[in-house]
Amino acid sequence: MQSCLSHSLRVSLVGIAVIVLTACEAASPTPPLIQPGPATDPAGTDVAIELPEGDAERGGLIAQARGCTACHITGAPNIGPAWESAKNPDGLNSPGIAAARIAADDYNGTATTAEEYIFESIVSPNIDIVPPTPGANWVIAGPSTMLTEYGSLLSRKDLADIIAYLKTVQ
Ligand code: HEC
Numbered sequence: 001m002q003s004c005l006s007h008s009l010r011v012s013l014v015g016i017a018v019i020v021l022t023a024c025e026a027a028s029p030t031p032p033l034i035q036p037g038p039a040t041d042p043a044g045t046d047v048a049i050e051l052p053e054g055d056a057e058r059g060g061l062i063a064q065a066r067g068c069t070a071c072h073i074t075g076a077p078n079i080g081p082a083w084e085s086a087k088n089p090d091g092l093n094s095p096g097i098a099a100a101r102i103a104a105d106d107y108n109g110t111a112t113t114a115e116e117y118i119f120e121s122i123v124s125p126n127i128d129i130v131p132p133t134p135g136a137n138w139v140i141a142g143p144s145t146m147l148t149e150y151g152s153l154l155s156r157k158d159l160a161d162i163i164a165y166l167k168t169v170q
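Quick note on numbering: the sequence shown equals residues 1 to 170 in my numbering.
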């Protein structure tokens, strides 16, 4: 009797979980990695904006789909700071670069956290140009080679996901 009761309890819990999952999926379908034209919920350029919770896995897929990885990960020679610390001469990954830049005397932006710095670097790449570290194999002459339109092309969710992803890249 005891086991029969707990069995039916388990069955009902599974049933509830299925209903909840189905309801969530219906409410928030996974957005496409690339939307044609400007994002419906653009990130904009204000570093103080509130972002939804990030999904690192989707962030990695966006970084690939949007071509970010061509300059930051697979580029040979790298044409942007390497996101993998082992490939960067100073041994920093992206959050490490962020922390170093915020603390630098010549930092020009308004970010106070690594998340804000990464956000700022993507949507306003010319506010603060990451100086090539000694031995780095990317060269900056003039403005950043990054697109200046990411703030309108990427949604707030995209930015949240990319930031979550960059925090996982070692
Ligand atoms: C054409 C090459 C290129 C592409 C494509 C590119 N970047 Fe960059 N990125 C750079 C360069 C060069 C810098 C360093 C100069 C600067 O500060 O803008 C940089 C700096 C950054 C920084 C700050 C430093 C760091 O590495 O943490 C972030 C964050 C960043 N890029 C994210 C992105 C994301 C996300 C994308 C795609 C949406 C992207 N980049 C696409 C070249 C590129």
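We put the beta carbon where it would ideally sit given N, CA and C, even for glycine.
Classify residue i: buried if its beta carbon has 16 or more other beta carbons within 10 angstroms, exposed otherwise.
i: Pro125; result: buried
i: Asp105; result: exposed
Using a Cβ-Cβ cutoff of less than 6 Å, which residues in the same chain neighbour residue i once the five nearest sequence positions on both sides are dropped?
i: Gly44; result: Gly151
i: Asp158; result: Ile62
Take residue i and list the residues in its own chain whose beta-carbon comes closer than 7 Å to its own, dropping the five residues that flank it on each side.
i: Gly96; result: Ser85
i: Leu92; result: Ser85, Ala100
i: Glu25; result: The predicted model places Glu25 with a pLDDT of 49, which falls under 50 and marks its position as unreliable; any figure quoted below should be read in that light. Closer than 7 Å at Cβ, skipping near neighbours: no residue.
Pick helix, strand or coil for residue i, following the three-state DSSP scheme.
i: Ser85; result: helix
i: Val123; result: helix
i: Ser144; result: coil
i: Asp105; result: coil
i: Glu115; result: helix
i: Pro131; result: coil
Using DSSP's beta-bridge definition, name the partner residues of residue i.
i: Ala42; result: Reading off the sequence shown, one finds Pro at residue 42, where the question assumed Ala. Beta-bridge pairing links Pro42 to Ser155.
What are the boundary residues of the alpha helix (DSSP H) that residue i is part of?
i: Ala48; result: It is not in any alpha helix (DSSP H) - Ala48 carries neither H nor E in the DSSP assignment.
i: Gln170; result: Taken as a continuous stretch (DSSP letters only), Gln170 belongs to no alpha helix (DSSP H), as it is neither H nor E.
In its own chain, which residues sit with a C-beta less than 8 Å from the C-beta of residue i, not counting the 5 before and 5 after it?
i: Ala48; result: Glu116
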